[in-house]
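2 protein chains.
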Amino acid sequence: MITGFEMLSMGTSSKSRTVDAVQISLNIIEFLQERDGAGITEIAETLEYSKGTVHSHLATLAENEYVVKQDGVYRLSLRYLELAETVKDRLQIYDVVREELNELAADSGELAQFATEEHGRAVYIYKTGGERAVQTASSVGDREYLHCISLGKAMLAYMDEERVEEIVEQHGLPQYTSSTITTREELFEELEAVREQGYAFDREEKIEGLRCVAAPVVTKGEVVGALSVSGPASRFEGELYEEELPKMVTRSANVIEINSQFS
Amino acid sequence: MITGFEMLSMGTSSKSRTVDAVQISLNIIEFLQERDGAGITEIAETLEYSKGTVHSHLATLAENEYVVKQDGVYRLSLRYLELAETVKDRLQIYDVVREELNELAADSGELAQFATEEHGRAVYIYKTGGERAVQTASSVGDREYLHCISLGKAMLAYMDEERVEEIVEQHGLPQYTSSTITTREELFEELEAVREQGYAFDREEKIEGLRCVAAPVVTKGEVVGALSVSGPASRFEGELYEEELPKMVTRSANVIEINSQFS
DNA sequence: TTCCAGTGTTTGCATCAGACGAACGACTAT
DNA sequence: ATAGTCGTTCGTCTGATGCAAACACTGGAA
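Here's what the structure looks like:
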């Protein structure tokens, strides 16, 4: 059951003044992200703007090389590669994370991932597969709610309680499987447990049959992200799941914490 | 039959109507790309907009999660990782390129790169270093003029002549070293040579001391990009530079061409 | 404490930017 | 030819938007 904490209370709706014209362009970009290559008419009809409007927006975006027209259709340009690169460079820990996760994936043979929090959700930053790693749908840049994955719970456990409240209010606690945490009380209990042991489990709370173990990465008292190992329930059980993997992820998290202080 | 090249774009951008408000937001994004983390006042003063204007634009961008406010400053968000990922996914050849370049880098021990053309410039898509690979400044997403690098000349050689003219008109032929091609005549001669031998050299035309060999990747009669190997002039000479490396890059290009037909 | 100088934020207002929609030209298919 | 696409251009009118000025915080210094 879903107990709706409606947004009518929070300041999320206390919006500043925004720019409609920019919103239109962003909608167009978002549309182009979903459909690969679209014409003006198609965009105009779907988003319900006039063709003239769409045309002038695309002209602006094209002039700045955010979109490109080829074969008569508009697509997102390679500009975003550049932007992604600068964003990555600013995550000073990126290189350290990459190195350590590769090792973790090799040691465990499973899928290793790193994520950080933004706008109240987890954003996958890097993933690398061991030999027999599961193929999940998640890829770099994807967002996920925090309460239902090990990475998310690891991060929540080390954030201010009021920030946690804020996030829960903003996104709610959507249910994915029968094991998903859906109430505040459960969540705070779980976070307390995470703090005690230093790592978090995902016991098929997001995807049936998929289990994970995650540890937070904390520098200067602030959680900067978390890393996890994921695998099928058939392999993730007993001592491996309860003890060995937790040990591995916390060790890796420590390595990152230490190495990231010198960069 | 594709006959419709109606782009009378005449080098100087034929001015369609554009949206000023969007331009402002894009300027802000570009500014944030250069400086990591900026405040409203700083942005407003540099770009010469009023604080109120900047505020409402940032509010719009933040609402759509293109920027994020943390520690009192605005930064580009991780959203661009997601966008970059979808852009990459649409380059159907990306995975093939990655695999083949890794092999090429391992075989040669040198830096291997792949680039494609957009807006008349080369955009680096992937780079991977062999053991003793040079450390160049270029990274994924960077743009470069076509006439002064081997990747660029390889691509130009297999484009329509009128497209080449257009690009030259748009970007000119800036000089970087004493070896840089700076005249139309030289360029077209060089491209003819490239077509004859099937690969292109960079004889320290962009950076003193750096040499490259590149081969174009052509599918269905259209050039989709090019790959190159780069190294110091001290190692890139004699038979290796003139024969072996050309053989390797053309072979790799062929592998990519063949494999990309089944994806 | 009080003051200041620096932020970010809000708001009223006048203006012109921009969304609309219709007309046009280019193309394709029938 | 004809009809139906598509993208592009342009005049028009309205309300969005940029500006400036006032407002609200903050932190530091006296």
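Chain order of the listed sequences is A and B.
Add 9 to a position in the first sequence, counting from 1, and you land on the number used in the numbering used here.
Add 9 to a position in the second sequence, counting from 1, and you land on the number used in the numbering used here.
Think of the CB as a built atom: it goes at the ideal place given N, C-alpha and C, for glycine as much as any other residue.
Remember, it's a predicted structure, so these values are computed and weren't measured experimentally.
Once the 5 residues before and after residue i are set aside, which same chain residues still bring their CB inside 7 angstroms of it?
{"i": "A/Arg212", "result": "Ser188, Arg220"}
{"i": "A/Met168", "result": "Val232"}
{"i": "B/Arg107", "result": "Tyr135"}
{"i": "B/Met16", "result": "Interpretation of B/Met16 is limited by its pLDDT of 37, a score under 50 that renders its predicted location unreliable; the figure taken from the coordinates is listed afterwards. Once the five neighbours on either side are set aside, B/Met16 has no close Cβ partner at all."}
{"i": "A/Ala262", "result": "Ala224, Pro225, Val226, Leu236"}
{"i": "A/Ile176", "result": "Gly129, Leu155"}
For residue i, which residues of its own chain have a beta-carbon under 6 angstroms away from its beta-carbon, when the five flanking residues on both sides are left out?
{"i": "B/Val105", "result": "Ile265, Asn268, Ser269"}
{"i": "B/Lys256", "result": "none"}
{"i": "B/Ile11", "result": "Here B/Ile11 scores only 32 on pLDDT, less than 50, and its place in the model should not be relied on; the value that follows carries that caveat. Same-chain partners within the cutoff: there are none."}
{"i": "B/Ala53", "result": "Lys60, Val63"}
{"i": "A/Arg204", "result": "Ala166"}
{"i": "A/Arg88", "result": "Glu74, Tyr75"}
{"i": "B/Gly13", "result": "Residue placement at B/Gly13 is flagged as unreliable, the pLDDT there being 34, under the threshold of 50; the coordinate-derived value follows with that caveat. Taken in chain order, the list of residues that qualify is empty."}
{"i": "B/Ile216", "result": "none"}
{"i": "B/Leu200", "result": "Leu165, Ala166"}
{"i": "B/Ala209", "result": "Ser159, Lys162, Ala163, Val203, Ala223"}
{"i": "B/Ser18", "result": "Summary for B/Ser18: the model assigns pLDDT 35, below 50, so the residue's position carries little reliability, and this model does not support an answer."}
Quick one: using the 10 Å Cβ neighbour count with 16 as the cut-off for buried, is residue i buried or exposed?
{"i": "B/Ser22", "result": "Confidence in B/Ser22 is poor, its pLDDT being 47 and thus under 50, which makes the residue's placement unreliable; the coordinate value appears in the next sentence. By the 10 Å Cβ count, B/Ser22 comes out exposed."}
{"i": "B/Gln122", "result": "buried"}
{"i": "B/Lys97", "result": "buried"}
{"i": "A/Gly218", "result": "exposed"}
{"i": "B/Gly161", "result": "buried"}
{"i": "B/Gly181", "result": "exposed"}
{"i": "A/Gly230", "result": "exposed"}
{"i": "B/Ser65", "result": "buried"}
{"i": "B/Glu253", "result": "exposed"}
{"i": "B/Ala146", "result": "exposed"}
{"i": "A/Thr259", "result": "buried"}
{"i": "A/Leu113", "result": "buried"}
{"i": "B/Thr125", "result": "buried"}
{"i": "A/Ser25", "result": "exposed"}
{"i": "A/Glu194", "result": "exposed"}
{"i": "A/Glu94", "result": "buried"}
{"i": "A/Glu214", "result": "buried"}
{"i": "A/Glu251", "result": "exposed"}
{"i": "B/Glu43", "result": "exposed"}
{"i": "A/Glu174", "result": "exposed"}
{"i": "B/Glu109", "result": "buried"}
According to DSSP, what are the bridge partners of residue i?
{"i": "A/Cys221", "result": "A/Asp211, A/Ser239"}
{"i": "A/Val172", "result": "Reading the sequence as shown, one finds Arg at residue 172 of chain A and not Val. Answer by DSSP bridge pairing: none, since A/Arg172 is not bridged."}
{"i": "A/Gly234", "result": "A/Val226"}
{"i": "B/Phe123", "result": "B/Tyr135, B/Leu236"}
{"i": "B/Glu153", "result": "B/Ala131"}
{"i": "B/Arg84", "result": "B/Val77"}
{"i": "B/Ala47", "result": "B/Tyr83"}
Between which residues of its own chain and residue i is the CB-CB distance below 8 angstroms, once the five residues before and five after are set aside?
{"i": "A/Leu92", "result": "none"}
{"i": "B/Asn36", "result": "Leu56"}
{"i": "A/Phe275", "result": "In this structure chain A extends from 10 to 272, so residue 275 of chain A is not present and cannot be described."}
{"i": "A/Asp45", "result": "Arg84"}
{"i": "A/Thr69", "result": "Ser34"}
{"i": "A/Val149", "result": "Tyr133, Ile134, Tyr135, Lys136"}
{"i": "A/Pro241", "result": "Val143, Gly218, Leu219, Arg220"}
{"i": "B/Ile49", "result": "Lys60, Val63, His64, Leu67, Tyr83"}
Legend entry - Segment contact, 8 angstroms Cβ cut-off, at least three pairs: the region 246-253 of chain B with the region 128-145 of chain B: no
Inset, instruction - For the region 62-77 of chain B and the region 73-80 of chain A, state whether three or more C-beta atom pairs, one from each stretch, are separated by less than 8 angstroms. - result: The region 62-77 of chain B, when compared against the region 73-80 of chain A, does not touch it at the 8 angstroms Cβ threshold.
Legend entry - chain A contacts from the region 140-152 of chain B (Cβ-Cβ distance under 7 angstroms): Ser148, Val149, Gly150, Asp151
Legend entry - Three-pair Cβ contact test at 8 angstroms for the region 259-271 of chain A versus the region 28-46 of chain B: No, the region 259-271 of chain A is not in contact with the region 28-46 of chain B.
Legend entry - Contact residues within the region 58-71 of chain B, judged by C-beta distance below 8 angstroms to chain A: Answer in chain order: His64, Ser65, His66, Ala68, Thr69, Leu70.
Inset, instruction - Pull out every residue of the region 101-129 of chain B whose Cβ sits closer than 8 angstroms to any Cβ of chain A, in chain order. - result: Thr125, Glu127, His128
Inset, instruction - Decide if the region 172-191 of chain B is in contact with the region 141-159 of chain B; the criterion is three or more beta carbon pairs, one per stretch, under 8 angstroms apart. - result: yes
Inset, instruction - Note down, in chain order, all residues in the region 39-51 of chain A with a beta-carbon under 7 angstroms from any beta-carbon belonging to chain B. - result: Gln42, Asp45
Legend entry - Under 9 angstroms (Cβ pairs) to chain B, residues found in the region 254-271 of chain A: none
Legend entry - Cβ pair count under 8 angstroms reaching 3, the region 137-147 of chain A against the region 105-118 of chain A: yes
Inset, instruction - Scan the region 80-99 of chain B for residues whose Cβ lies nearer than 8 angstroms to a Cβ of chain A and list them as they occur along the chain. - result: Taking 8 angstroms as the Cβ-Cβ cut-off against chain A, the residues of the region 80-99 of chain B that qualify are Arg84, Leu85, Ser86, Leu87, Arg88, Tyr89, Leu90, Glu91, Leu92, Ala93, Glu94, Thr95, Val96, Lys97, Arg99.
Inset, instruction - May I ask you to list, following chain order, the residues of the region 170-194 of chain B that have a beta carbon less than 7 angstroms from some beta carbon of chain A? - result: none
Legend entry - Residues of the region 218-242 of chain A with Cβ closer than 8 angstroms to any Cβ of chain B, in chain order: none
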